[in-house]
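A.B. asks: Residue numbers (my numbering), protein chains in the order written: chain A, 3 to 257; chain B, 1031 to 1249; chain C, 1031 to 1249; chain D, 2 to 266; chain E, 2 to 266.
Note that CB positions come from ideal geometry on N, CA and C, so glycine has one too.
Sending over a structure as structure tokens; questions will come in a sec.
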Amino acid sequence: RAQPKNESTWDLIKRTGKVRMGVFEYPPYFLRDKASGEWVGAMVEMGKDIAKELKVTYEPVEVGGFAEAVLSLQAGKVDMNFGLQATPLRATSIDFAGPIYWIEWVTVNNPKFHGKVWADYNKTDVKVAVMTGTSDSLLLSKMAPKATKIEMQDIAQVALAVSSGRADAFTTTVLASMVMKTKNPGLGDFVNPTPRVALPGYIGLRLEDDQRWQKFLNRWAEWNILLGHNETRMRASLKTMGIEEIPSTVSFSPN
Amino acid sequence: MPYKWDFSLVFSYTHFWLKGLGVTLAYSVGTVLGGLIIGVILGMLLLYRRKWVTLPIHAYVEVFRCTPLLVQIVWFYYALPIVLAVELPAWLAAGLGLTLYMGSFSTEIFRGGIISIDKGQWQASRALGMTNLEMMRHIILPQAIKRMVPPFVNQSVIQLKNTSLLYVVAVPDLMYTGSIVVSDTFRPLEVYTSVAAMYFIILYPLTLWASRMEARVDQ
Amino acid sequence: MPYKWDFSLVFSYTHFWLKGLGVTLAYSVGTVLGGLIIGVILGMLLLYRRKWVTLPIHAYVEVFRCTPLLVQIVWFYYALPIVLAVELPAWLAAGLGLTLYMGSFSTEIFRGGIISIDKGQWQASRALGMTNLEMMRHIILPQAIKRMVPPFVNQSVIQLKNTSLLYVVAVPDLMYTGSIVVSDTFRPLEVYTSVAAMYFIILYPLTLWASRMEARVDQ
Amino acid sequence: MTNKAGSGQVMVKLDGLRKNYGTVEAVRGVSLEVHRGQVVVIIGPSGCGKSTLLRCLNLLEAPSAGTLQVGGRTIDFGAGHTTPRGRDLARFRARIGMVFQQFDLFPHMTALGNVMSGPTIVKKMRAAEAEAIARDLLAKVGLASFGARFPRELSGGQQQRVAIARAMAMAPEIMLFDEVTSALDPELVGEVLDVMKQLATDGTTMIVVTHEMAFARDVADDVVVMDAGQVVEQGPAEDVLLQPKNPRTASFLSRFHSTMSERKG
Amino acid sequence: MTNKAGSGQVMVKLDGLRKNYGTVEAVRGVSLEVHRGQVVVIIGPSGCGKSTLLRCLNLLEAPSAGTLQVGGRTIDFGAGHTTPRGRDLARFRARIGMVFQQFDLFPHMTALGNVMSGPTIVKKMRAAEAEAIARDLLAKVGLASFGARFPRELSGGQQQRVAIARAMAMAPEIMLFDEVTSALDPELVGEVLDVMKQLATDGTTMIVVTHEMAFARDVADDVVVMDAGQVVEQGPAEDVLLQPKNPRTASFLSRFHSTMSERKG
Ligand SMILES: Nc1ncnc2c1ncn2[C@@H]1O[C@H](COP(=O)(O)OP(=O)(O)OP(=O)(O)O)[C@@H](O)[C@H]1O
Ligand SMILES: Nc1ncnc2c1ncn2[C@@H]1O[C@H](COP(=O)(O)OP(=O)(O)OP(=O)(O)O)[C@@H](O)[C@H]1O
Ligand SMILES: [Mg+2]
Ligand SMILES: [Mg+2]
């Protein structure tokens, strides 16, 4: 798989006839179907659609988590990563395309804590768990900068921190929290703290001079988000996980 | 386009790094000392060859030695409050796993150091009429400690690196700080390399000192 | 609401567990053997007291001993392609870090084992007219190996647990499998406890065997 | 010299003392009396139980059966009897000095520190007082100027003399010596034997296991011959060494007689 | 017995041999000749360089200067000369047998295995052939039935006899003995000296460092007296031992004379 030096991602995809995407266990974005062993999930469906548009094969590449997804991109082991948040600082390290969806944030409290508005969380003695590397952390810093942030490596630990009383609440996307709730009915109800916030999700790319790959993805994202294809994919993915009742307030497009 | 290394971003987090360094050092020193104390007490108790003393100690040593430290930390931090309704402060719960892990290795090191002292020293001390405690304190330990230093330092080096497992309970040590800086900057290679350099700067002098000690014991 | 323990979910992933177990065992055995070979060669070379031989070896040992294994694995897998344009397959890159880490500890263990053999044995072998190689093979190593077994097993125990760091390159070992099952079931306590039990079942017999060996050396 | 025997206070008395290691009967019923100021030499072939007997005397080994009396203290061993433990055991041992073949000096202490160790650690004597005693004793064993040296800086003979001074510093009621010259080069044996002769002259009660027949003949009041864990002959030194009655003693001694005559040659 | 000297082939010849350890001059210019079948005994006070000299002879230590001739091979030492290395050095050593104070048997081999080790490992001799030689030699040192025992199952004297057999198994041109009885209990010394006497009678060329004056007197052709790294007196055994000319020799020997006379006394 010798990659000639300075070959652009676009040329690489054309030459090898495949597009590689980083995946890791993070339902409902990416997850492995336990029966077939195939990678499925909303982002996987998007990746497959991109491959179809390009008439190349789709190749999921398993990476360890968010940090490793970035590493894989920089090391040329994948060509794109889904579900990243594009901060200006991050944009000095990788390129972004998109956005591909918009998503709202909710909080889940442990039974002893009763936060309702972001102001309830914005206190130094309130411990809020988030998952490292995700926009959960960014969002919390924006909405409740004074809260004590507890960054956990994976989403199950976030849930555990709250259910064991080590944290008062966690905040995550409405999507992830629905999944957590179905798997962990013992968790408290989720709260939609006001003011309501939503953030866009992007595709991460290697920094490069050749703009063709980024341009292509930007057009693809625009097309799919405006036509509502990505929202459909999100809902379909939740459905496969047994989540049929999606609150009417939830939307995956800019509001 | 080839990767452009940029360490300047890493350095802009100096304040974070210093805090992470502090946490790593504090937990390392604390849990190494705690483990040492456990090792001294249990290693000593192992000299009494009564089954009811040695069996539980061996069980403790083996359970902690043969299971992942990560799981031990998870247990002390999350499971203890759930199972026993014992609510330990976070810093203590996090440190307990590390301490007991270090303790299990220290026990073996301590016992090994003591039994490595020539039998003649024990015999001569007893013949002079020393009690076990007097013998330990004045004759055996002063000699054994020198021999325990190298394996103990080796284990401390491993322990200092093991503090990175505190990430599971979100204690902001050096490695955890690293992963936060990574998620901020998306510069994992620069960040991890810097973290490695910091570990090296702390640990290398320690191993150097240990091998000096070792050379001195050989004499 | 009290926590309801439920291990049944954990058992429904038997197929996954077996695969993870296989990966952990394969990597452990492979990297321990690789590290052993490195240790034998470098430990032997350290006996030649030439600076230009010992200095690079010490540098290797200290760099790998004093930096986090996690970073080493990251380096071999992610940084090598960037820096040297050397593209290693995941299994090799991951294995390389683990192997070299084990190698650095093994080198010290091996050297220690060899120099622990009484000087008289070297002298007697030389006086009989043995070359260095003959002496090593027939006289020194057969005696030294017995003494190396306990520290080597101890390091292998640590190494087997270290394979869990393979998660950074998404090699699905036991611990990684655990975290996948966790994110599937949201049952971290049950899953991690089961993982610990599996590690224990593998490692305990190993340490038991090592302490038997140790007792035999004492004789 | 035998006039010492029988007279004086009984310092050590053994009655039917036995010691088994598992199925090995190392000492098989030894009875013995040692009086104040007496020097008793024990001889016998390798493995006959000499060391075991000495080690039983200061309870480094717990005898399996029999009675042991040291100073005023009588202890019975065997089923139904409890042996001293802990501080009691330590106090008992403090009354008996013992010197071993491997001198076993404490390597982390100077010669002076070694000699002071008993008084300061066991008797909790003040350092100044212990040092005075230790310096006296070092002078007595001819090492007055060696107090500041560490064991590794001393020759074997010097180390053994420090070991003797260390045992003497506890002012023991009786001194036990177990082949204290066996590990020494022939040149160094003389120094140590001279120190022991001096102790004997000073009236120290001593039980000595040795292979140095000349020493036994010159210094011993009584000689005890052991074989296979038992005493086979016992009596005044001249009688036992020169006209042994027991055939085992005779055969054991013949080796020494021949060496001596060979050297006379 | 001195008739052996002067006659016969020169087996070992030293000329101005020196050995420094840093600033310590352990051997300071020793010249010596040993002829086929001769037994040379080296005596001298502790630290005078006896062991160093022997170790230089088979290049366990590299001499600092001088010339060494063993068999047909002459080697010069010092600036500008290269000493044998690797396989060449090993071959050189194989021609010289050496036995040490600490017998240093290989603990993982039986007595037979120890004796066979040289022939099989160094000479690559077939096992059957080596075993025949080894069994012969074990019989010669009186251990015919002990071949299957491991060193730890043998007494010190037996171990030392195995060590002698092990060295002999290489059929060396010359045997070096360095205080081979010093670590033994007096009772066991005799066995080993007897074996060495037998070797001397058989015509083995031997250089022996020992404190056993009776052995020196009975077996040595020549006696060499060293002091402070130099040879101070040298000549036929009777002359040197009984009428020493050098005052140092006389004072060194006086200790032994007194021991002998004391034992006679
Ligand atoms: N700890 C032990 N366990 C088992 N057997 C022992 C132990 N110590 C000594 N023996 C056995 O007891 C017997 C007497 O041993 P002891 O050391 O008392 O003999 P000795 O007369 O001192 O011999 P030597 O002159 O060689 O020192 C021997 O058969 C010995 O093997
Ligand atoms: N490896 C060494 N390094 C430095 N000095 C040494 C070394 N080996 C021996 N010496 C010194 O060389 C001198 C001669 O030592 P050597 O062992 O040859 O004496 P020796 O005559 O064999 O004494 P002994 O009768 O005690 O065995 C001594 O002063 C000794 O301290
Ligand atoms: Mg004995
Ligand atoms: Mg010597």
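Which chain E residues are close to D:H186, counting only those with a beta carbon under 9 Å from its beta carbon?
C.D. replies: Within the fourth sequence, numbered from 1, the residue matching residue 186 of chain D stands at position 185. A quick correction: the sequence has Asp, not His, at residue 186 of chain D. Going along chain E in sequence order, the residues near D:D186 (Cβ under 9 Å) are S47, E180, S183, H212.
A.B. asks: C:L1154 to C:W1239, Cα distance in whole Å?
C.D. replies: Along the third sequence, one-based indexing puts residue 1154 of chain C at 124. Along the third sequence, one-based indexing puts residue 1239 of chain C at 209. It should be noted that the sequence gives Ala, not Leu, for residue 1154 of chain C. Approximately 32 Å, taken between the alpha carbons.
A.B. asks: Is the beta carbon of D:V210 within less than 8 Å of some heavy atom of ligand 1?
C.D. replies: By one-based count along the fourth sequence, residue 210 of chain D stands at place 209. Indeed, a heavy atom of ligand 1 lies less than 8 Å from the Cβ.
A.B. asks: With 9 Å as the C-beta to C-beta threshold (strictly closer), list the residues of the segment 58-78 of chain A near chain C in chain order.
C.D. replies: Those residues of the segment 58-78 of chain A that come within reach of chain C (Cβ to Cβ, closer than 9 Å) are V63, E64, V65, G66, G67, A69, E70, L73, S74, Q76, A77, G78.
A.B. asks: Is there a C-beta anywhere in chain E that falls below 9 Å from the one on C:G1159?
C.D. replies: To locate residue 1159 of chain C, count along the third sequence from 1; it is residue 129. Yes, because at least one Cβ of chain E sits closer than 9 Å to the Cβ of C:G1159.
A.B. asks: Quick one: what does DSSP say E:L18 is sitting in, helix, strand or coil?
C.D. replies: Sequence index remark: in the fifth sequence, residue 18 of chain E carries index 17 (1-based). Looking at E:L18 - three-state DSSP - the assignment turns out to be strand.
A.B. asks: Chain E beta carbons: is any one of them nearer than 9 Å to that of D:S156?
C.D. replies: Position 155 of the fourth sequence, counting from 1, holds the residue named residue 156 of chain D. So, interface residue.
A.B. asks: For the segment 1174-1189 of chain B against the segment 1125-1139 of chain B, are there 3 or more C-beta pairs whose distance is under 8 Å?
C.D. replies: With a cut-off of 8 Å, the segment 1125-1139 of chain B and the segment 1174-1189 of chain B count as touching, because enough Cβ pairs lie within range.
A.B. asks: I need the boundaries of the alpha helix (DSSP H) containing D:P173, first residue and last residue.
C.D. replies: Here the question's residue 173 of chain D lines up with position 172 in the fourth sequence. Note, D:P173: premise wrong, no alpha helix (DSSP H); not H, not E.
A.B. asks: What are the residues of the segment 1186-1207 of chain C that lie near chain B, defined by any Cβ-Cβ distance shorter than 8 Å?
C.D. replies: Those residues of the segment 1186-1207 of chain C that come within reach of chain B (Cβ to Cβ, closer than 8 Å) are V1187, I1188, K1191, S1194, M1205.
A.B. asks: Tell me A:T2's beta-bridge partners as DSSP assigns them.
C.D. replies: This structure cannot settle anything about residue 2 of chain A, because the visible part of chain A is limited to 3 through 257.
A.B. asks: Taking only runs that begin and end inside the segment 162-236 of chain A, name each unbroken beta strand (DSSP E) of 3 or more residues, in chain order.
C.D. replies: Segments of the beta strand (DSSP E) lying fully in the segment 162-236 of chain A: 171-175, 200-207.
A.B. asks: Using a Cβ-Cβ cut-off of less than 7 Å, list which residues of the segment 133-163 of chain A approach chain B; keep chain order.
C.D. replies: Listed by position along the chain: T134, G135, S139, I152, E153, M154, Q155, Q159, L162.
A.B. asks: Identify which residue in B:K1176, B:S1146, B:A1124 has its Cα closest to the Cα of B:R1246.
C.D. replies: Along the second sequence, one-based indexing puts residue 1246 of chain B at 216. Checked all of B:K1176, B:S1146, B:A1124; the closest Cα to B:R1246 is B:K1176.
A.B. asks: Determine, using beta carbons only, whether C:E1244 comes closer than 9 Å to chain E.
C.D. replies: If you number the third sequence from 1, residue 1244 of chain C lands on position 214. False, the Cβ-Cβ gap to chain E never drops below 9 Å.
A.B. asks: Check for me: the alpha helix (DSSP H) holding C:L1122 runs from which residue to which?
C.D. replies: The count along the third sequence starts at 1 and reaches residue 1122 of chain C at position 92. Where C:L1122 is concerned, the enclosing alpha helix (DSSP H) stretches over 1120-1145.
A.B. asks: Near ligand 1, which residues have their beta-carbon less than 5 Å from any of its heavy atoms, given in chain order?
C.D. replies: Checking every Cβ against the heavy atoms of ligand 1 under 5 Å gives D:Y22, D:V25, D:A27, D:S47, D:G48, D:C49, D:G50, D:K51, D:S52, D:T53.
A.B. asks: Can D:I175 and D:I208 be called in contact, C-beta distance under 9 Å?
C.D. replies: Numbered from 1 along the fourth sequence, position 174 holds the residue referred to as residue 175 of chain D. Numbered from 1 along the fourth sequence, position 207 holds the residue referred to as residue 208 of chain D. A contact, by the Cβ cut-off of 9 Å.
A.B. asks: Does the distance from the CB of C:V1199 to the CB of B:T1223 come in under 9 Å?
C.D. replies: Your numbering for residue 1199 of chain C matches position 169 in the third sequence. Your numbering for residue 1223 of chain B matches position 193 in the second sequence. Result no, Cβ atoms of C:V1199 and B:T1223 do not sit closer than 9 Å.
A.B. asks: Quick check: the Cα distance between D:G158 and D:V181, rounded to an integer number of angstroms?
C.D. replies: For the purposes of this step, residue 158 of chain D is taken as residue 157 along the fourth sequence, with counting starting at 1. For the purposes of this step, residue 181 of chain D is taken as residue 180 along the fourth sequence, with counting starting at 1. Between D:G158 and D:V181, the C-alpha separation is close to 10 Å.
A.B. asks: Please confirm if E:V123 has its CB atom under 9 Å from at least one CB of chain C.
C.D. replies: Locating residue 123 of chain E in the fifth sequence gives position 122, counting from the first residue. Chain C contact via Cβ: present.
A.B. asks: Give me the Cα-Cα distance between D:G1 and B:L1076, rounded to the nearest whole angstrom.
C.D. replies: Given a span of 2 to 266 for chain D in the structure shown, any question on residue 1 of chain D remains unanswerable.
A.B. asks: Considering only residues of the same chain and omitting the five flanking positions on each side of B:V1116, which have a CB-CB separation below 8 Å?
C.D. replies: To locate residue 1116 of chain B, count along the second sequence from 1; it is residue 86. Cβ neighbours of B:V1116 beyond the five flanking positions: L1110.
A.B. asks: Answer yes or no: the CB of E:E213 versus the heavy atoms of ligand 4, is any distance below 8 Å?
C.D. replies: By 1-based counting over the fifth sequence, the position of residue 213 of chain E is 212. E:E213 Cβ: outside cutoff for every heavy atom of ligand 4.
A.B. asks: For E:D179, is the beta carbon positioned less than 8 Å from some heavy atom of ligand 2?
C.D. replies: Along the fifth sequence, read from residue 1 onward, the residue named residue 179 of chain E stands at position 178. E:D179 Cβ: within cutoff of ligand 2.
A.B. asks: Between D:L194, D:S32, D:G72, D:Q103, which has its C-alpha nearest D:D219's C-alpha?
C.D. replies: For this step, residue 219 of chain D is matched to residue 218 along the fourth sequence. Residue D:L194 is the option with its Cα nearest to D:D219.
A.B. asks: When the Cα atoms are used, what is the spatial distance from D:G50 to D:M126?
C.D. replies: Counting from 1 along the fourth sequence, the entry for residue 50 of chain D is found at position 49. Counting from 1 along the fourth sequence, the entry for residue 126 of chain D is found at position 125. The alpha-carbon atoms of D:G50 and D:M126 are separated by roughly 36 Å.
A.B. asks: Where does A:I96 fall in DSSP's three states?
C.D. replies: For the purposes of this step, residue 96 of chain A is identified with residue 94 of the first sequence, where counting begins at 1. Looking at A:I96 - three-state DSSP - the assignment turns out to be coil, as it is neither helix nor strand.
A.B. asks: Chain C partners of E:A95, CB-CB under 8 Å?
C.D. replies: By one-based count along the fifth sequence, residue 95 of chain E stands at place 94. Near E:A95 (Cβ distances below 8 Å), the residues of chain C are L1158, G1159.
A.B. asks: Check the Cβ of B:D1214 against every Cβ in chain A and list those closer than 7 Å, keeping chain order.
C.D. replies: Counting from one through the second sequence, the residue named residue 1214 of chain B turns up at place 184. What B:D1214 touches in chain A: L91.
A.B. asks: Evaluate E:A221 with the Cβ neighbour count: other Cβ atoms within 10 Å of its Cβ, from every protein chain shown; 16 or more gives buried, anything less gives exposed.
C.D. replies: By one-based count along the fifth sequence, residue 221 of chain E stands at place 220. With 16 or more other Cβ atoms within 10 Å, it is buried.
A.B. asks: Listed from N- to C-terminal order along the chain, which residues in the segment 1216-1228 of chain B have their beta-carbon within a distance smaller than 8 Å of any beta-carbon of chain D?
C.D. replies: Those would be none; no residue qualifies.
A.B. asks: Beta-carbon separation of B:T1215 and A:S253 under 9 Å?
C.D. replies: As a working note, residue 1215 of chain B is residue 185 in the second sequence. As a working note, residue 253 of chain A is residue 251 in the first sequence. Not closer than 9 Å, so no.
A.B. asks: So the beta strand (DSSP E) E:R127 belongs to, where does it begin and stop?
C.D. replies: Counting from 1 along the fifth sequence, the entry for residue 127 of chain E is found at position 126. First-last for E:R127: undefined, no H or E at that position.
A.B. asks: Quick check on the burial criterion: 16 or more other C-beta atoms within 10 angstroms. Buried or exposed for D:K20?
C.D. replies: To locate residue 20 of chain D, count along the fourth sequence from 1; it is residue 19. Buried, by the Cβ-count rule.
A.B. asks: Looking at C:D1148 and ligand 2, is the gap between the Cβ and the nearest heavy atom below 8 Å?
C.D. replies: Walking along the third sequence from the start, residue 1148 of chain C turns up at place 118. C:D1148: no, Cβ never under 8 Å from ligand 2.
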